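Novice:
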Amino acid sequence: MNERMNIEELVRSKLEGQEIAPSRGTWSRILRRVRRGQFMRFDPGRFNVYYAAGILVAGAGLIALIQTGPREAQTEEGSPGRTPVPREHTAPPPAESGIIQVQPDTGDPSLREVAPPAAAEEGKPAAVSPEATEEAPGATPGNGTTGAKQPGIGREQALPEDADRKEPVHNTLVAFFTPSVTSGCAPLTVQFFNQSVNHLSVTWRVGTATPVTGENPEHTFTTPGRHHVTMTAMGEGGQTASFSQVIEVYPVPTADFIIEEGLPDSEGQPTYSLINCSTGAGSYQWNLLGEDKTELKGWSSDAFNPDLPVTPSERQASHIRLVAVNEYGCSQTAVRELPGPPDAGVPELIFPTAFSPSTTGPAGGLYSPHEKRNDVFHPLFDTEPLEYRLRIYSRRGVLVFESMDIYRGWDGYYLQERAAAGVYVWMAEGTWQSGEEFRMQGDVTLIWSDGR
Numbered sequence: 005m006n007e008r009m010n011i012e013e014l015v016r017s018k019l020e021g022q023e024i025a026p027s028r029g030t031w032s033r034i035l036r037r038v039r040r041g042q043f044m045r046f047d048p049g050r051f052n053v054y055y056a057a058g059i060l061v062a063g064a065g066l067i068a069l070i071q072t073g074p075r076e077a078q079t080e081e082g083s084p085g086r087t088p089v090p091r092e093h094t095a096p097p098p099a100e101s102g103i104i105q106v107q108p109d110t111g112d113p114s115l116r117e118v119a120p121p122a123a124a125e126e127g128k129p130a131a132v133s134p135e136a137t138e139e140a141p142g143a144t145p146g147n148g149t150t151g152a153k154q155p156g157i158g159r160e161q162a163l164p165e166d167a168d169r170k171e172p173v174h175n176t177l178v179a180f181f182t183p184s185v186t187s188g189c190a191p192l193t194v195q196f197f198n199q200s201v202n203h204l205s206v207t208w209r210v211g212t213a214t215p216v217t218g219e220n221p222e223h224t225f226t227t228p229g230r231h232h233v234t235m236t237a238m239g240e241g242g243q244t245a246s247f248s249q250v251i252e253v254y255p256v257p258t259a260d261f262i263i264e265e266g267l268p269d270s271e272g273q274p275t276y277s278l279i280n281c282s283t284g285a286g287s288y289q290w291n292l293l294g295e296d297k298t299e300l301k302g303w304s305s306d307a308f309n310p311d312l313p314v315t316p317s318e319r320q321a322s323h324i325r326l327v328a329v330n331e332y333g334c335s336q337t338a339v340r341e342l343p344g345p346p347d348a349g350v351p352e353l354i355f356p357t358a359f360s361p362s363t364t365g366p367a368g369g370l371y372s373p374h375e376k377r378n379d380v381f382h383p384l385f386d387t388e389p390l391e392y393r394l395r396i397y398s399r400r401g402v403l404v405f406e407s408m409d410i411y412r413g414w415d416g417y418y419l420q421e422r423a424a425a426g427v428y429v430w431m432a433e434g435t436w437q438s439g440e441e442f443r444m445q446g447d448v449t450l451i452w453s454d455g456r
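Throughout, the working numbering is defined as the position within the sequence shown, counted from one, plus 4.
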């Protein structure tokens, strides 16, 4: 302990009164140490490390925001999955839409303004004019020198690629045809003449029939009525056009008649009774024909049920012809062979083989002597029998009519209703004035003029 005190006193005695002068950089080092300690501690009144860190963070965020903004804008402009436009073809838009700003050529390549190229379509490179791809003398290709004419529009605005593609112009297609006739009697044959313009092919449809092809087809209509004919024409570029017309076909009447022995005329000459069974007609024409089927001069008639006298001149005829005509002018012809001349002077009853009752209702069936009526089934006779009975049966054996009066025939009605069209069996029996009995039978066809 004493030794320690001695050392301290020795040092104190040695250094007492001595002056130590620090070196020139000592104080600066001391101050730096002091300031460093203060900078690392948080002090609201002094700038320290915490303030510096906040400034750095804020600056980094600002820089990131500035750099991210253009990228997001570029992403919004292009649709996802599209190929980005090359950077050498992008440039700020011009000051005014559709106007290209061009600086006058002052000789300084740096003053030339290059307009942005226009893309032909989204996702495709813009069209570049040959003038814009030429480089100025002395320019180095690809080094970005403004003295070279960069790829762009130049003095003209580039057009999209599709602008050069013009839609094909096709000639106007016109469908039209004319028929040889537009109306007529069945069967009607019509030829159609195609008069279409700028067509490649045509298809025809007649009513619901299968379509047919051909330039000028021919068709025969057998069914009366209105038939629609449509032609469809095909042209260039898939063009189609249609044209329709109506062909009207008229019905044809049915001509038919029966030849029966008639009553002698006023001169006692035998006659033929012509029973008209035609349907659908309004007028009739009767004529005699020779063996070669040529028309003979002499007797003719336009009556519905005429009588043909058997005179020497009429005996030269071998056939008789009936022409039935309807309201449309359509006609049909029926020809029958004349039977041998009837015998005169022998009493007999002549019954028709067909008749057509009145469609207005029951008429009672009464007729006058020597009257020939096609709407009532009754016999023709020149001598009235003393006794007479007529019965008519259906094909099933049902008795539909009976009369004991020779001047009362069957009007075609059964129980005040129309009898069915068809064949019926008749039976007639009685006694002549001479006392001679007679018994006859046959069949008759009932025909309704309205076809029911």
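In this text, a Cβ means the ideal position worked out from N, Cα and C, and glycines have one as well. Bear in mind that the values here come from a model prediction, so they are computed numbers and not experimental data.
1) Check whether the segment 278-288 touches the segment 225-239, counting contact only when three or more Cβ pairs, one atom from each stretch, lie closer than 8 Å.
2) Mind checking leucine 14: buried by the 16 CB within 10 Å criterion, or exposed?
3) State the Cα-Cα distance for the pair arginine 395 and lysine 376, rounded to the nearest angstrom.
4) Check whether the Cβ of threonine 186 sits closer than 6 Å to any heavy atom of the ligand FAD, and report yes or no.
5) So for glutamine 437, helix, strand or coil by DSSP?
6) Going by the beta-carbon positions, is the gap between tryptophan 430 and valine 448 smaller than 7 Å?
7) Pull up the distance between the alpha-carbon of serine 200 and that of glycine 211, whole angstroms please.
8) For the segment 252-270 and the segment 297-308, state whether three or more C-beta atom pairs, one from each stretch, are separated by less than 8 Å.
9) Which residues share a DSSP beta bridge with asparagine 291?
10) According to DSSP, which residues form a beta bridge with serine 335?
11) Applying the 10 Å Cβ sphere with the 16-neighbour rule, what's the burial state of alanine 424?
12) So which of His232, Thr244, Gln243 has the shortest CA-CA distance to valine 250?
13) Can you tell me which residues form a DSSP beta bridge with cysteine 189?
14) Any chance you could list the beta strand (DSSP E) runs of at least 3 consecutive residues sitting entirely within the segment 227-252, in chain order?
15) Does the segment 186-195 touch the segment 239-259, meaning 3 or more C-beta pairs lie closer than 8 Å?
16) Based on DSSP bridge pairs, tell me the residues matched to valine 427.
17) On a CA-only basis, which of Thr435, Val206, Gln42, Val61 is nearest glutamine 243? Give me that one, please.
18) Name the residue from Tyr55, Ala56, Gly65, Pro274 whose alpha carbon lies nearest to the alpha carbon of glutamate 352.
19) Would you mind sorting proline 343 into buried or exposed? The rule is 16 or more other CB atoms within 10 Å of its CB.
20) What residue range does the beta strand (DSSP E) around tryptophan 414 cover?
21) Keeping to the same chain, check which residues put their C-beta closer than 8 Å to that of serine 372; ignore five residues upstream and five downstream.
22) Where does serine 277 land, buried or exposed, given buried means 16+ other C-beta within 10 angstroms?
23) Quick check on glycine 426: buried or exposed, where buried means 16 or more other Cβ atoms within 10 Å of its Cβ?
24) In chain order, what residues of the same chain lie with their CB nearer than 8 Å to the CB of threonine 315, ignoring the 5 residues before and after it?
25) Comparing C-alpha positions only, which one of Leu293, Trp436, His203 sits nearest to glutamate 388?
26) By Cβ distance, which residues of its chain are closer than 6 Å to alanine 367, with the 5 residues on each side in sequence left out?
27) Please determine, among Tyr288, Arg422, Pro268, Glu219, the residue with the shortest C-alpha to C-alpha distance to histidine 374.
28) Roughly how many angstroms lie between the CA atoms of proline 48 and asparagine 10, to the nearest whole one?
29) Are alanine 259 and threonine 182 closer than 7 Å when you measure CB to CB?
30) For the beta strand (DSSP E) holding arginine 209, just list the boundary residues, first then last.
31) Tell me, please, which residues DSSP counts as bridged to phenylalanine 385.
32) Of all the CB atoms in chain D, is at least one closer than 7 Å to the CB of alanine 307?
33) Using a 10 Å radius around the Cβ and a threshold of 16 neighbouring Cβ atoms, would you call arginine 325 buried or exposed?
34) Helix, strand or coil for glutamine 273 per DSSP?
35) Go ahead and label asparagine 175 buried or exposed: buried means 16 or more other beta carbons lie within 10 angstroms of its beta carbon, across all protein chains shown.
36) Could you tell me which residues DSSP pairs with methionine 444 in its beta bridges?
Specialist: According to the structure shown:
1) no
2) exposed
3) 20 Å
4) As presented, the structure is devoid of all ligands, the ligand FAD included, so that no description of it is given.
5) coil
6) yes
7) 21 Å
8) no
9) Ser304, Arg325
10) Val329
11) exposed
12) His232
13) Tyr254
14) 229-238
15) yes
16) Thr449
17) Val206
18) Pro274
19) exposed
20) Careful: tryptophan 414 lies outside any beta strand (DSSP E) and carries neither H nor E.
21) Tyr411
22) buried
23) exposed
24) Gln273
25) Trp436
26) Asp415
27) Pro268
28) 51 Å
29) no
30) 205-210
31) Note: phenylalanine 385 sits in no beta bridge, so no partner.
32) Structure shown: chain D not included; a single protein chain is present.
33) buried
34) coil
35) exposed
36) Ala432
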